[in-house]
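Quick note on my numbering: the sequence shown kicks off at 11 and runs consecutively.
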Amino acid sequence: MNDTLAALGETYFEAKHTYDPFNATLLGLTEFDGILGSPSAETSDSARAVFASVREQAESLDPATLDAAEAVDRDVLVALARGAETDAQHSLWAANISGKGYVSRQGTLLQALAATTVNEASGAEQYLDRLAALPDYLTQLGERYRHELASGRTPTAVGVRNAARQLREEADGEDGTLLRPVASPAGAAWRDRAEALAARVVPALGELAELLDREAMPFARPDDKAGVCWMEGGEEAYADELAKHTTTDLSAERVHELGREALRELDQLWSEIGEQAFGVTDRVTIQQRLRSDPELRATSRQQLVDIAEGALRRAEAALPEYFPTDCPIGPCDIVELTAAESANSAMAYYRPPTVDGSRNGAQCLATADPTSRYRYEYEALSFHESVPGHHLQLATSQLLNVPRYRRHLDVEVCGFNEGWGLYSEQLADELGLYSDVFARLGRLSFQALRACRMVVDTGMHAMGWSRQRAIDFMFENTATTLDHVVHEVDRYLAWPGQCCAYGVGKREILRMRAHARQELGDAFDLPGFHWAVVSNGAVPVSVAFASVDRWIASQR
C-alpha cells in the first residue's frame, strides 16, 4: 500500500477515536475504552486542524500513482476526513444540547458505558479509568455548554429538557448504566472499586442537569424556532451536515422534494396492501385503522423481542437467496434497552461486535411501555437493524482486508449504512420474509416515515419549519404512534441532516441495482450484486457505484 496514504489513514483513525472515544466503544474498538477525550472548544479546534491536514494531503495524492484498491482508500479517506473536519468545526453537538445517543456527548457517553465489556484484567482497569475521570469530564462538558451559550449559539428548549431529564434519570435510576459492566466476571474487589467510583459520578450528573436548567434553558430556542437555521452559523453547518450524512452534494431543497416524491410513490402500495388487510384503499383510512385496532398493539416486552427474533431467524434462513454463502457472519443478539435508555433512543439501533470477539453484534431494542407500541412495526425494524440490514453489512465489514479506518464505520457514512438498512426492509418484502399483511403495512409505514424525514428535517433546519409543523406532517403521512413521531422529530432536531441519509442512500442503492440489471440482463445475480455493494465496507455512494460498475464488467 502507498506509505503516505497508509500513514494518513492511521493519523485519521487515531485522531477520530481519541477525539470521540465513546463512539469507538460503540464500534467495538476496545483499545479506546479507557479514555474519555475532552469536550473543550480547544480540543475541537485541534481535531479540526488534524482532519483538515489529512484531507488536504489525501486530496493531493495523484490517483494515477495508486492502484485500484488504493484509489478507493483515498476517496473514502477524503470523505471521512472532510466530514470529521466540518463536524469538529461546527460542533453542533455542543451548541445544540440534547441527550440523544450518537450525537450528544452525554448521550453517547451513557450509550458507550452500557455497551462496555469487562472480561479481563486490562478491560476492567480501563473501565475504572473511565469511571474515575467522569466527574471531571462532566464538569468540562458543562463548561463547553457555557462557552457555546456565551458565543450566542443557543440550544433548543426541548433538547435541554430532554438532556436534563436524562441526567437525572441516570443519577436516580436503579438500573443505572454506570455499573452495568460490573455484572461481568471481573471479581469482587473490582466491583467494590467500581461502585465507589460510580458513587462519585452521580452528583456530577445532577450538577450538570442543574446547570442546564439554570443557564441554558432561559436562552433556549422555542419550538417555533427549533431548526439550526435559527442559530448563529446554522445554515452553513446544516449544509455541511447534509453533505456528510448523505455522502452527496444534494441541496436541502432537492432532498426536501425527493422526500415528497417518495411519499407520492407509496400511495399505490398503500392501496394494494391496505385492500388486502382491511378491504379499503384510502391511505388515511388505512393508517387510522392501523392506529386504532387494539389487536395490533403489543401485549408485552417479550412479544416485541419474539417478533424481532423471528424476523431475524427467517432472514438468516433465506441468506443464500440474496448473499454469498462463503462469507462468515457471526451471531446477532437481541438486547433490550432499559426504560431510561429507551427515552433517548430510537426504537432500535445496531451495535457492532467487538474486534476481540468479547461482544456479539446486537440489535438493541426499545421495549419499554409495550402496550403503546405497534407490533406490526417490529419486523421491518429487525430486518433493518440485523439481517439483511446492519448486522450483515457492518459485521461483514470488520472482516474485510482494508485499512482499519474503513473496517470500523457506522455513523461516519450514514448515506451508505442507513441506505442499506432501509433497502433491506424492502428486500425482505421482495423475498417474502414478512409474516403477514400487517407486517408489510408496518414496512410501508416505515418507508413513509423515512420519506417524511427528508421533508421535515430540511423543513426545520433549512426552511424554518416549527417543531409542531414537523410533528403534524409526519403523523399525517405515517401509521406510527404520536409518541414515536414526537420522539423522531426531537431526534432530528438534535442531529441535523442524519435522518435524510436513509431515503437518499436507499434511492442510490436501488439506482445501482436497476443499472446492474439493465446492463447484465439474465446474467444478473442478486447475491453477487449485494457483495459488490458491501465488499468495500461503508463508502460514499459514488465509490459504491464504481464498485458495482467493476462487478458488472467482471460478469460479462
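Quick reminder that beta carbons are idealized off the backbone N, C-alpha and C, glycines included.
Chain-order list of residues whose beta-carbon lies under 7 Å from that of residue i (same chain, five-residue window excluded)
i	result
F534	A526, R527
G111	G117, T118, Q121, N354, S355
A57	A25, Y29, A98
T364	G38, T40, T127
Per-residue DSSP class, three states only, for residue i
i	result
Q373	strand
A308	coil
D343	strand
R274	helix
T166	strand
A236	coil
A327	helix
Y512	helix
A358	strand
R566	coil
R383	coil
Within 8 Å, strictly: CB atoms of residue i and residue j
i	j	result
L404	P341	no
H471	P506	yes
V170	A226	yes
R463	C510	yes
L410	G515	no
H400	L432	no
T35	G133	no
A104	P31	no
E422	G93	yes
V397	E305	no
L151	R115	yes
L402	F333	yes
R385	L314	yes
Short CB-CB distance (under 8 Å) between residue i and chain C
i	result
R523	Annotation note: the requested chain C is absent from the structure, which comprises a single protein chain.
Rounded straight-line distance, which links the Cα of residue j to that of residue i
i	j	result
Q436	Y444	10 Å
R33	V113	One point to set straight first is that residue 33 is Asn, not Arg, in the sequence displayed. One C-alpha to the other measures close to 9 Å.
P145	E263	43 Å
G367	E285	47 Å
Q298	S455	12 Å
E251	R140	30 Å
T149	G47	13 Å
A318	D55	43 Å
L279	D292	11 Å
G474	T166	13 Å
E529	R523	10 Å
E351	S434	26 Å
D446	L221	50 Å
Residue i CB to nearest heavy atom of the ligand MG below 7 Å
i	result
A214	For the ligand MG, the structure offers nothing, since it holds no ligand at all.
Neighbour-count burial assignment, residue i, 16 or more Cβ in a 10 Å radius
i	result
G531	exposed
R453	buried
M11	exposed
G289	exposed
S557	buried
Q312	exposed
F483	buried
T256	buried
E389	buried
Same chain, Cβ closer than 6 Å to residue i, five either side skipped, listed in chain order
i	result
V265	M464, T468, C510
L18	V64, Q67, A68
E575	Given a span of 11 to 566 for the chain in the structure shown, any question on residue 575 remains unanswerable.
D343	N370, A372
L207	L141, A142
Proximal residues to residue i (C-beta, below 8 Å), its chain only, five neighbours per side dropped
i	result
G216	L177, R178, A181
E331	L441, L536, P537
A16	P413
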